[in-house]
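Trainee: So the sequence shown is numbered by our numbering: it starts at 27 and just counts up by one.
Beta carbons are placed, not taken as given, at the ideal position from N, Cα and C, and that holds for glycine.
The following block contains the structure, expressed as structure tokens.
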Amino acid sequence: MKHTINKINLITTTFIVVVLILSMILSVNRYLNTDDRLYDNQIRMLVAEQRNDIEKGIYHKGKYTYMVLGLEGKVKYNNSNINYKKDDIVNVQEMIQTDQSFNKEQKNVLKESFILQKDGKTDGFVVFYIPKDDIIKGTPMNRALHIFFPILVGVLLSAIMLIIRTVYSSKRILYPLREISTSAKAIIAGNYNLEVVRTYGRTIGENEVGDLTYSFELMRDELKEKQVREESLKRSQQELISCISHDLKTPISTIKAYSEGLRDGIAKTEEAKAEYVKIIISKTDLLIGMINDLLEYSNAQLQQLDINRSEVYFLDYFIPLMKEIEIYIRQMGLEFTYRISTDNMIVTIDKKRITEVIYNIIENSMKYTSNYTGKITIDVERKDKCVLIRIKDNGIGISSDDIPYVFDKFYRAEKSRSSSIPGSGLGLSICKYIVNEHGGEIYCKSRYNQGCEIGFTLQ
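Right, here's the structure in full:
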């Protein structure tokens, strides 16, 4: 809900203004009519007992003087100082109403008239004459309370509304703003873990501050994730430097040694020189491969590794690839077979990248497989709507402790290092990235000295 705070402020302000205006209007109205109302109430209380006796027909001198009139204006009883006698005829309207002439003549007396009833019918009137001193004493405070009571109620309601708005502002506005300020200071100091109260579904309502805290949390989460990525990148860079220094040292040392041998004339015959050159070229090719792996891995980390997927008929792509791979593997002195148990289904892949995955896995198998008894097998089968490709070898295998890490960057089992098997340690990590980008899964099954199986799915 947008502009909630503005709406709440407008509603509370309008409420307070309306209440105060109404209370002032009521107070002014009471001020203009307060004397008559207060005096009427006071007089009714003072003459209540005498009035009851008069309605019963009992006329006697009481605390206050009075005159009893019939409906036609005939005086039935009079003990006041007004000069009318019993049975005199007077003007009823003139007698029961208070006019200015009476107020001038009787400045210290108030006149109040009441209807007399008998058997439920109007039987006449009684007019009381009461000294003002008996009424006005004790009334200033009552009069003030009577006049200002609406204002007091208005102020009280306004105060309650202000308290409610203050509590709302404190809980829904000031508190989250303080949290945002604290979290912002923590972020400046490099701490991205100080969470601001989540706004939706918890204590803070859906208002402008709620939107602000929600957006702030999205920003904090993004910054925190960015920090994690940067720390991971720094660790990767450190690992990269460490691995480069380790993996590139051997071939570079070899190239240097054989180059110096050629320079110093150690290789005397043409055959020896040719062998030196062959070794130098081999180690150079190894370096190029490792550098290419590093470049591809860096692109994968930066999500800049191009993957252009398109629909292809799987067998039309895969069978020519297997014939090409068969020639390559047999040249390396290894036995190779492949079995296909799927139809020519359509898959959406980047042929170049999937070919790279298959070659990387095969080359990984070749490193750990004997040239004399080595055997590599590729099995392809349909699994639901996917194609499952399994590449097996009968090499030295991988221990169960190493399997969870085979797809991690720069990881190679220690036995491979002690055996001086070349490689960047990035091939399988790149394979995993490419397969995942295709929406597939990759796995490894192996036991030490019992070969290895690496499989992945395409869809």
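On the DSSP bridge list, what partners appear for F482?
Mentor: To locate residue 482, count along the sequence shown from 1; it is residue 456. In DSSP, F482 forms a bridge with I415, I468.
Trainee: Pick from G150, V44, L200: whose alpha carbon is nearest that of F140?
Mentor: Position 114 of the sequence shown, counted from the first residue, corresponds to residue 140. Checking every option, the nearest Cα to that of F140 belongs to G150.
Trainee: Per DSSP, what kind of secondary structure is Y302 in: helix, strand or coil?
Mentor: Here residue 302 is taken as the residue at index 276 of the sequence shown, counted from 1. Helix.
Trainee: Below 8 angstroms, can you find three or more Cβ-Cβ pairs linking the region 458 to 475 to the region 393 to 401?
Mentor: Touching, no.
Trainee: What I want to know is whether the C-beta of I190 ends up closer than 7 angstroms to one or more non-hydrogen atoms of the ligand COA.
Mentor: Among the components of this structure there are no ligands whatsoever, and the ligand COA is therefore not found.
Trainee: When DSSP labels each residue in this structure, what does V101 get in the three-state scheme?
Mentor: As a position in the sequence shown, residue 101 is number 75, starting the count at 1. Three-state DSSP puts V101 in a strand.
Trainee: Under the rule that 16 or more other beta-carbon atoms within 10 Å means buried, what is G359, buried or exposed?
Mentor: Taking the sequence shown and counting its residues from 1, the one referred to as residue 359 is at position 333. When all chains shown are included, G359 counts as exposed.
Trainee: Helix, strand or coil for G236, going by three-state DSSP, please let me know.
Mentor: One-based indexing of the sequence shown puts residue 236 at position 210. Residue state, collapsed to three classes: helix.
Trainee: Ignore the nearest five residues each way along the sequence and tell me which others in K112's own chain have a CB closer than 6 angstroms to its CB.
Mentor: Indexing the sequence shown from 1 puts residue 112 at position 86. Correct list, in chain order: V101.
Trainee: For K309, count the other beta carbons within 10 Å of its own beta carbon; 16 or more makes it buried, fewer makes it exposed. Which is it?
Mentor: Numbered from its first residue, the sequence shown carries residue 309 at position 283. Per the 10 Å Cβ criterion, buried.
Trainee: On the criterion of 16 or more Cβ atoms from any shown chain inside 10 Å, does T239 qualify as buried, or is it exposed?
Mentor: Locating residue 239 in the sequence shown gives position 213, counting from the first residue. Classification for T239: buried.
Trainee: Determine the DSSP secondary structure at I108, reduced to helix, strand or coil.
Mentor: Numbered from 1 along the sequence shown, position 82 holds the residue referred to as residue 108. In the structure shown, I108 sits in coil (DSSP, three-state: anything other than H, G, I, E or B).
Trainee: With a CB to CB cut of under 7 angstroms and the five nearest residues on each side skipped, what residues in its chain are close to Y302?
Mentor: The count along the sequence shown starts at 1 and reaches residue 302 at position 276. For Y302, where only same-chain residues beyond five positions count, the Cβ hits under 7 angstroms are Y284, G287, L288, A293.
Trainee: Give me the residue from N390, K304, D434, D410 with the minimum Cα distance to I417.
Mentor: Indexing the sequence shown from 1 puts residue 417 at position 391. It is N390.
Trainee: Whose CA, out of F174, Q132, E120, E138, lies closest to the CA of I51?
Mentor: The sequence position of residue 51 within the sequence shown is 25, counting from 1. Checked all of F174, Q132, E120, E138; the closest Cα to I51 is F174.
Trainee: Under 8 angstroms by Cβ, that's how I've got V235 and I199 pegged, so tell me the actual separation to the nearest angstrom.
Mentor: For the purposes of this step, residue 235 is identified with residue 209 of the sequence shown, where counting begins at 1. For the purposes of this step, residue 199 is identified with residue 173 of the sequence shown, where counting begins at 1. Rounded, the Cβ-Cβ distance is 5 angstroms, consistent with contact.
Trainee: Which residues in the same chain as T148 place their Cβ atom closer than 8 angstroms to its Cβ, once the five residues preceding and following it in sequence are excluded?
Mentor: Reading the sequence shown from its first residue, position 122 is the one you call residue 148. Contacts found: L97, I141, L142.
Trainee: Decide if M316 is buried, meaning its Cβ has at least 16 other Cβ atoms within 10 Å, or exposed.
Mentor: Counting from 1 along the sequence shown, the entry for residue 316 is found at position 290. Buried, by the Cβ-count rule.
Trainee: Among the residues of its own chain, which have a CB less than 6 angstroms from the CB of R473, if the five just before and after it don't count?
Mentor: Walking along the sequence shown from the start, residue 473 turns up at place 447. Within the same chain, R473 has close Cβ partners G423.
Trainee: In the DSSP assignment, the alpha helix (DSSP H) including I384 goes from what residue to what residue?
Mentor: Counted from its first residue, the sequence shown places residue 384 at position 358. Looking at the DSSP string, the run of the alpha helix (DSSP H) that includes I384 is 377 to 393.
Trainee: At which residues does the beta strand (DSSP E) containing V153 begin and terminate?
Mentor: Taking the first residue of the sequence shown as position 1, residue 153 is located at position 127. First-last of the beta strand (DSSP E) with V153: 147 to 157.
Trainee: What does the alpha-carbon distance come out to for the pair N134 and F154?
Mentor: The residue you call residue 134 lines up with position 108 of the sequence shown. The residue you call residue 154 lines up with position 128 of the sequence shown. One C-alpha to the other measures close to 13 angstroms.
Trainee: If we count the other Cβ atoms within 10 Å of its Cβ and call it buried at 16 or more, is S444 buried or exposed?
Mentor: Residue mapping note: residue 444 aligns to position 418 of the sequence shown, counting from 1. For S444, the pLDDT reaches just 38, beneath the cut-off of 50, and the residue's location in the model is therefore unreliable, although a value from the coordinates is still provided. Exposed.
Trainee: Grouping DSSP H, G and I as helix and E and B as strand, with all else coil, what is V222?
Mentor: As a working note, residue 222 is residue 196 in the sequence shown. Coil, per DSSP.
Trainee: Counting Cβ pairs, one atom from each stretch, are 3 or more of them under 8 angstroms apart for the region 176 to 185 and the region 34 to 54?
Mentor: Yes: the two stretches touch, three or more of their Cβ pairs being nearer than 8 angstroms.
Trainee: Across the region 187 to 194 and the region 104 to 122, are there enough close Cβ pairs to call them in contact, namely three or more that are closer than 8 angstroms?
Mentor: Flag = no, the region 187 to 194 and the region 104 to 122 do not touch.
Trainee: Taking C-beta to C-beta, are R335 and I375 nearer than 8 angstroms?
Mentor: In the sequence shown, residue 335 corresponds to position 309, counting from 1. In the sequence shown, residue 375 corresponds to position 349, counting from 1. Taking 8 angstroms as the Cβ cut-off, R335 and I375 qualify as a contacting pair.
Trainee: With contact counted as at least three CB pairs below 8 angstroms, one residue from each stretch, are the region 205 to 214 and the region 79 to 89 in contact?
Mentor: No contact exists between the region 205 to 214 and the region 79 to 89.
Trainee: Answer with buried or exposed for Q476, where buried requires no fewer than 16 other C-beta atoms within 10 angstroms of its C-beta.
Mentor: Residue mapping note: residue 476 aligns to position 450 of the sequence shown, counting from 1. So Q476 ends up on the exposed side.
Trainee: Who are the near neighbours of I468 in its chain, counting only those whose CB is closer than 6 angstroms to its CB and skipping five residues on each side?
Mentor: Numbered from its first residue, the sequence shown carries residue 468 at position 442. Cβ neighbours of I468 beyond the five flanking positions: K458, V461, F482.
Trainee: Which residue wins for smallest C-alpha separation from K401, given the options R365, E361, M392?
Mentor: Indexing the sequence shown from 1 puts residue 401 at position 375. With distances taken between Cα atoms, K401 lies closest to E361.
Trainee: Which residues does DSSP list as the beta-bridge partners of R408?
Mentor: Reading the sequence shown from its first residue, position 382 is the one you call residue 408. Answer is V413, bridged to R408.
Trainee: Can you give me the start and stop residues for the alpha helix (DSSP H) that S426 sits inside?
Mentor: Looking up residue 426 in the sequence shown gives position 400. Counting along the chain, S426 falls outside any alpha helix (DSSP H), and DSSP gives it neither H nor E.
Trainee: Report the option in K471, E256, T40, N105 whose CA atom is closest to the CA atom of D427.
Mentor: Numbered from 1 along the sequence shown, position 401 holds the residue referred to as residue 427. Minimum Cα distance to D427 is reached at K471.
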